[in-house]
Structures are given as structure tokens and as C-alpha cells.
Ligand code: 5AD
Ligand code: SF4
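In our numbering, the protein residues as written are 1 to 561.
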């Protein structure tokens with residue numbers, strides 16, 4: 001629906017219920033819905049399709065030649081040579097999305113700058129997962145607006161808000177006295193050149209339409225940090241899990257998988273560009289299904305292991321995650337492959353077999369538990385209980401004895417009692433994680449928890465529980481990481497250590513940060529020829545020390561995976 005609002009704001013209403021209602025209508029009904037003043041006198045006359053509607057220019061007042069096709073040809077030029085500065089918050093998915101955005105803008109004639117003071121356009125890629133993440137971004141937007149007003153050419157600078165906060169806060173963002181000039185949700189990045197063109201005529205433009213099938217499959221992301229040895233590759237978007245505490249299904253929409261051909265093309269390109277490590281990204285990578293692929297080994301519906309259940313219909317047919325992982329691993333045997341995040345509810349043995357048999361698929365698994373208490377897990381709608389999770393961990397360790405595990409935990413979820421919380425502490429203790437991300441629960445509007453439960457654990461208790469989780473985690477991680485002392489580990493060097501230029505850091509197969517001194521090493525084991533250690537090299541390291549966060553070691557020689 002195209003609605004003009006006060007202050008010259010043109011607003012593309014994108015609430016999901018509107019979208020569903022629109023797609024369910026005939027073209028004539030649609031025409032009536034979309035052009036508020038038109039009257040559909042002849043019911044047989046064809047109206048515009050939804051596609052036409054989406055391609056219409058939002059702001060009627062934007063000038064263009066009357067005989068050129070709408071809108072790119074005439075408006076796109078307005079962006080030529082303007083410099084864009086990106087500020088990225090939140091998860092790896094946001095980094096990956098920003099690379100898609102940059103690809104779209106670069107091919108529309110925009111330039112990128114790393115200096116915010118030289119930028120014509122500042123794009124803030126946002127995260128909504130917890131209230132404090134949003135508060136931080138809100139504060140930053142106010143700073144940016146103040147900065148914009150101070151600049152003499154202030155009307156030239158445009159501020160855009162992208163990502164998860166776009167859908168959630170579209171109303172307040174626009175109402176707050178021109179805090180931003182454009183708002184674009186995670187599925188509307190293709191529309192950015194047009195939104196920016198509209199904003200250049202000093203109007204605010206917004207598109208937060210969520211899509212059922214957008215995967216940006218035809219867009220090759222352009223890396224923000226071309227010197228980095230690792231890259232993120234998004235394999236799917238959205239999430240269907242509907243964990244009761246989580247806003248992601250609302251901000252990022254329904255789950256959809258990117259076709260395997262497009263993923264493979266990107267991985268091959270990254271390998272040729274010298275990338276040594278790729279991380280496949282998705283909210284729920286194990287439910288990856290490329291139904292466009294003819295290569296599927298199975299036509300079955302995915303099966304869940306005993307003790308696991310799901311609230312949504314499992315996909316049928318299509319190429320599955322284990323097969324994708326295997327294919328990706330064959331592109332370049334000297335390129336490490338990681339992935340995040342799988343959901344414990346569908347962790348098939350085939351994935352474990354790929355990790356066991358492919359040397360370049362890293363033996364580190366992120367297995368977000370969220371809680372160690374069966375009742376809390378049930379209220380969170382995680383689809384498993386404590387025992388099923390522990391069985392899965394035992395099973396993983398049987399197949400991959402040296403695997404490094406990481407997890408996410410939330411404390412203080414609605415109604416969490418002290419006894420229930422203690423089960424989380426004992427789970428962390430029993431499993432033993434090398435890495436963990438620990439959070440205090442933050443109630444999000446729209447979620448099931450917001451409708452169904454009360455956020456009744458006081459803040460000071462949440463804080464106290466967070467500290468106690470962290471203490472148990474650290475003690476166990478310290479023990480586990482110390483077991484590496486005396487081992488030989490292959491590390492991929494990523495760059496200089498933050499603390500000193502005399503040290504480098506890299507990661508071992510288990511994704512543990514490892515610090516080594518700079519220097520020259522034999523080009524291979526037992527060789528008399530030496531060469532310096534550089535970013536992107538694989539180095540064999542003798543681990544000499546460890547704590548809950550890092551390993552430290554003596555580099556021995558250059559090696560391969
Ligand atoms: N409050 C606190 N933590 C949350 N997470 C997701 N939603 C919330 C919330 N409302 C955490 C989960 C998830 C990670 C990405 O963020 O642990 O795995
Ligand atoms: Fe959120 Fe659960 Fe989906 Fe993860 S799996 S993104 S926690 S709804």
C-alpha cells in the first residue's frame with residue numbers, strides 16, 4: 001500500500017498481514033487496493049500485478065523523463081559517485097548482508113569510504129535481538145543526526161537504517177524528527193538505489209517488505225574487508241523455529257534456502273581470491289534444503305532424532321545441508337569450512353560424517369542450548385529437553401572425540417526459578433564448552449513470550465545469574481583449553497595480535513584463538529629453507545600455555561591442512 005504521510009514521507013506499508021491479503025486477491029482487487037483513487041468499473045480489466053506495484057516509484061514528486069521506463073534508468077544516476085560509509089552491528093549475518101548491499105550499490109555507481117567524515121551516505125546495519133543492542137543503535141542514530149546537522153552541507157548527507165530494526169521500528173524511526181532518511185528491511189536491499197534516489201530529493205523513503213523467496217542468489221557479495229583471510233557465505237535466510245523469546249522470525253521472515261549453484265559459485269570465487277576459510281551462515285543451517293537442485297540424494301522429509309520435535313512442517317526433498325557441506329569442502333581442500341548455527345533439534349549423523357571425513361571441514365560445533373532445564377526449554381519452545389540435548393552431545397563426541405563445542409545460553413527467561421537456573425549451571429559444567437555466548441533475557445514485543453508470559457525475573461537477579469553462568473563456563477573452558485597444552489595444532493594466521501606487534505594470532509581447527517610470536521619458519525617440516533609467517537599461512541604450533549580464552553604456542557613450521 002502506498003501511503004503519503006506528513007512531512008513528505010512516502011511510506012510503503014509492509015505489514016505481513018497486508019502482504020498476505022494482497023497476494024490472495026485477484027488482479028482487479030489488487031488494482032483497487034493499490035491505487036486508492038482508482039475505481040474498478042470493469043471487473044474483467046487486467047490490473048497491475050504485485051510485481052508491478054513493487055516496481056512503481058514510491059515518490060510521485062520525484063522528477064523523471066516521462067518517456068523513459070520507470071525508475072532505475074532515470075533515478076539511478078543520482079547516486080553516481082556518492083560515497084557510502086557502513087556501520088555494522090550485530091551478528092555475522094549482518095556482515096554478510098552488508099556485503100550484498102555493497103555489491104548492489106557498487107554496481108549502481110556508488111563509492112565506498114572508510115572515513116565517516118567523507119561520507120555522503122551513512123548506512124547503519126542494525127540488530128534487534130536484545131533491548132540493549134537497540135538502545136545502543138538508537139543512541140548512535142541521534143549522534144549521527146547531530147553530526148549531520150553540524151556539517152555545512154548537512155542536507156547532502158543521508159542516513160539510512162538497514163536490517164532487523166527496520167521492520168520493528170519503522171513507525172518510531174520516521175516519527176522521531178528525521179532521525180533517518182531511508183529505512184530498508186533485510187529483504188528489500190535490491191530497492192536501495194531507488195530509496196536513496198528518493199532521499200536525494202529530500203524525502204524519506206522506506207521499504208520493509210519481507211519476502212518468502214528472496215535469497216539474493218544472483219548477487220555476488222563484495223567483501224568489505226578484502227584483506228581478510230576468512231569470509232562469510234550466507235546459505236539461507238530467515239527462521240521458522242519461533243523460539244518463544246526470539247524476534248528473528250519477525251524481523252527476518254520465513255526460512256528459505258539459497259540455491260546450491262549460487263553458493264558454489266561464490267565459494268569458488270572466494271577460493272580464487274585467496275580466501276582460506278569460509279563460514280556458511282544461516283539461522284538454522286541444518287534445515288537447509290535446496291529444492292531447486294536435481295542432485296538430491298534423498299526425497300524424504302527430514303527426520304528428527306528421538307527426543308526432538310518442531311513446531312513447523314519439515315521440508316521435503318531437495319539437497320540437504322550435509323550434501324552442501326560436502327560439496328563446499330571439495331572446492332579447495334586447503335580452504336577451511338565452518339558453519340553457524342545449527343539447531344540441536346535437527347543434527348543428522350550425515351553432517352558428523354562429513355566433518356569426520358573431510359579434513360578441511362573444521363571439528364568445531366556451535367550447539368546453542370539456551371537453558372539446561374527441561375521446563376524452561378519447553379517454555380522457550382526449543383523442541384528438546386535436557387536429556388535429549390545431553391544425548392546429542394555424547395553422540396557427537398563419540399563420532400568426533402576431539403570436537404570443540406560452543407553454545408548460547410539465556411538466563412532469567414520468564415518464570416525461571418533458582419532451581420531451574422541451577423540446571424543451566426550443571427549443564428554447562430557437565431558438557432564443558434570451549435566458547436560460550438551468555439545473555440540475560442530481554443523481552444521483545446511480538447514474540448510468543450511477550451504474549452504468553454511475564455518477564456518476572458528482576459534485573460539484579462538476571463545480572464547475578466549471568467555472572468554465575470560466566471564463572472562456571474570459564475572454569476570449565478580453562479580446564480578444557482589446558483588439555484591442548486603439549487599438542488601440535490594447525491593454525492590459520494589471521495593477523496597481528498591486538499596487544500603487541502611482536503605477536504600474531506590465528507585459530508586452530510576448533511576455532512580457538514591462538515597467539516604465536518612473529519618470525520621465520522622452515523617452509524615445511526625438516527626443511528632448511530625458511531620464510532616469514534604471514535597472514536593466511538597455515539602454521540604447525542606446539543601449544544605451551546592456555547586459559548579460558550586463548551591458546552599460546554611456539555610456531556614450528558609452515559604446513560598445510
Ligand atoms: N534475550 C536474550 N538473548 C536472546 N537471544 C535471542 N533472543 C534473545 C532475547 N530475547 C540469544 C540466543 C540466541 C543468540 C543469538 O541470542 O541465545 O542463540
Ligand atoms: Fe531465534 Fe530460535 Fe530461530 Fe535461533 S532458532 S533465530 S533463537 S527463533
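Just so you know, even glycine gets a beta-carbon here, dropped at the ideal spot from N, CA and C.
This structure is a prediction, so every number in the text was calculated from the model and none was measured.
Residue 554 (DSSP reduced to helix, strand or coil):
Here DSSP, grouped into helix, strand and coil, assigns residue 554 to strand.
Is residue 190 near residue 128, with beta carbons less than 8 Å apart?
It is not a contact, given that the beta carbons lie outside the stated cut-off.
DSSP state of residue 482 mapped onto helix, strand, coil
Looking at residue 482 - three-state DSSP - the assignment turns out to be helix.
Excluding the five sequence neighbours on either side, which residues of its own chain have a C-beta within less than 7 Å of the C-beta of residue 258, listed in chain order?
Hits under 7 Å: 215, 217, 234, 235 and 236.
So within the stretch 144 to 220, which uninterrupted beta strand (DSSP E) runs reach at least 3 residues, ignoring any that extend past its ends?
The qualifying runs are 158 to 163, 182 to 184 and 204 to 207.
Which value, in whole angstroms, describes the spacing of the CA atoms of residue 203 and residue 183?
Rounded to whole angstroms, the gap between the alpha carbons of residue 203 and residue 183 is 12 Å.
When 461, 560, 116 and 391 are compared against residue 421, the one with the closest alpha-carbon:
The shortest Cα separation from residue 421 among 461, 560, 116 and 391 belongs to 461.
Would you kindly work out how many angstroms separate the C-alpha atoms of residue 463 and residue 226, rounded to a whole number?
The alpha-carbon atoms of residue 463 and residue 226 are separated by roughly 39 Å.
How long is the line joining the alpha carbons of residue 180 and residue 201, rounded to whole angstroms?
So the two alpha carbons sit approximately 14 Å from each other.
Near residue 118, what residues of its chain come up, given a Cβ to Cβ distance below 7 Å and the 5 sequence neighbours on each side ignored?
Here residue 118 has 83 as same chain residues with Cβ atoms under 7 Å from its own Cβ, once five neighbours each way along the sequence are excluded.
Cutoff 6 Å; reference residue 548; Cβ partners in own chain excluding five residues on either side
474, 477 and 478, listed in sequence order.
Measure the C-alpha to C-alpha separation of residue 559 and residue 359 and round it to an integer number of angstroms.
Roughly 14 Å between the two C-alpha positions.
Using alpha carbons as the reference points, say which of 307, 254 and 266 lies closest to residue 283.
Answer by Cα proximity: 254.
Compute the distance between the beta-carbons of residue 166 and residue 101, then report whether it is under 8 Å.
Contact annotation: residue 166 and residue 101 have beta-carbon atoms that are not nearer than 8 Å.
With DSSP run on the structure shown, which of helix, strand or coil describes residue 495?
In this structure, DSSP gives residue 495 an extended state, which the three-state scheme calls strand.
Assuming residue 481 contacts residue 434 under a Cβ cut-off of 8 Å, what Cβ separation, rounded to an integer in Å, is found between them?
Yes, they are in contact, since the Cβ atoms of residue 481 and residue 434 sit about 6 Å apart, within 8 Å.
Got a sec? Which residues, its chain only, sit under 7 Å from residue 542 by beta carbon, not counting five neighbours each side?
Within the same chain, 488, 553, 554 and 556 come within 7 Å of residue 542 by CB-CB distance, once the 5 residues on both sides are set aside.
Based on the DSSP secondary-structure assignment, which residues constitute the bridge partners of residue 365?
The partner list for residue 365 (beta bridge, DSSP) reads 405.
Do three or more CB pairs link the stretch 405 to 417 to the stretch 438 to 457 at distances below 8 Å?
Here the stretch 405 to 417 lies against the stretch 438 to 457, with 3 or more beta-carbon pairs under 8 Å apart.
Does the beta carbon of residue 343 fall short of 7 Å from some heavy atom of ligand 2?
Yes.
Opening and closing residue of the beta strand (DSSP E) in which residue 545 lies:
Segment 538 to 546, the beta strand (DSSP E) holding residue 545.
So residue 437 is in the alpha helix (DSSP H); what residue range does that whole segment cover?
It is not in any alpha helix (DSSP H) - residue 437 instead sits in the beta strand (DSSP E) that spans 435 to 440.
Report the rounded CA-to-CA distance for residue 591 versus residue 484, giving the unit in angstroms.
No answer is possible for residue 591: it lies beyond the span of the chain, which begins at 1 and ends at 561.
With which residues is residue 506 paired in a DSSP beta bridge?
DSSP lists 493 and 514 as partners of residue 506.
Pull up the distance between the alpha-carbon of residue 398 and that of residue 426, whole angstroms please.
Cα to Cα, the separation comes out at about 21 Å.
Going by alpha carbons, who is nearest to residue 164 out of 326, 252, 388 and 286?
For residue 164, the closest C-alpha among the options 326, 252, 388 and 286 is that of 252.
State whether the stretch 391 to 407 contacts the stretch 354 to 373, with contact taken as three or more CB pairs (one from each stretch) at a distance under 8 Å.
Yes: the two stretches touch, three or more of their Cβ pairs being nearer than 8 Å.
So residue 103 and residue 221 are in contact, right, with Cβ under 8 Å, and what is the actual spacing, rounded?
The pair is a contact, with the Cβ atoms about 5 Å apart (cut-off 8 Å).
Nearest to residue 418 by alpha carbon, out of 448, 335, 392 and 469?
Nearest option by C-alpha distance: 469.
So which of 332, 219, 195 and 270 has the shortest CA-CA distance to residue 229?
Cα-wise, what sits closest to residue 229 is 270.
4 or more residues per run - each alpha helix (DSSP H) lying fully within the stretch 319 to 407:
When DSSP assignments are scanned along the stretch 319 to 407, the uninterrupted stretches of alpha helix (DSSP H) that are 4 or more residues long and fall wholly within it turn out to be 321 to 331, 349 to 357, 374 to 380 and 386 to 399.
List the residues that DSSP assigns as beta-bridge partners of residue 531.
Residue 531 is bridged by DSSP to 521.
In the DSSP output, which residue or residues are listed as bridge partners for residue 410?
Answer by DSSP bridge pairing, in chain order: 439.
Find the nearest neighbour of residue 98 within the set 272, 122, 339 and 335, judged by alpha-carbon distance.
The residue among 272, 122, 339 and 335 with its C-alpha nearest the C-alpha of residue 98 is 122.
Endpoints, the alpha helix (DSSP H) within which residue 428 is located
Its alpha helix (DSSP H) spans residues 418 to 431.
Where does residue 111 sit, in a helix, a strand or coil, going by DSSP?
Assignment of residue 111 by DSSP, reduced to helix, strand and coil, places it in the strand class.
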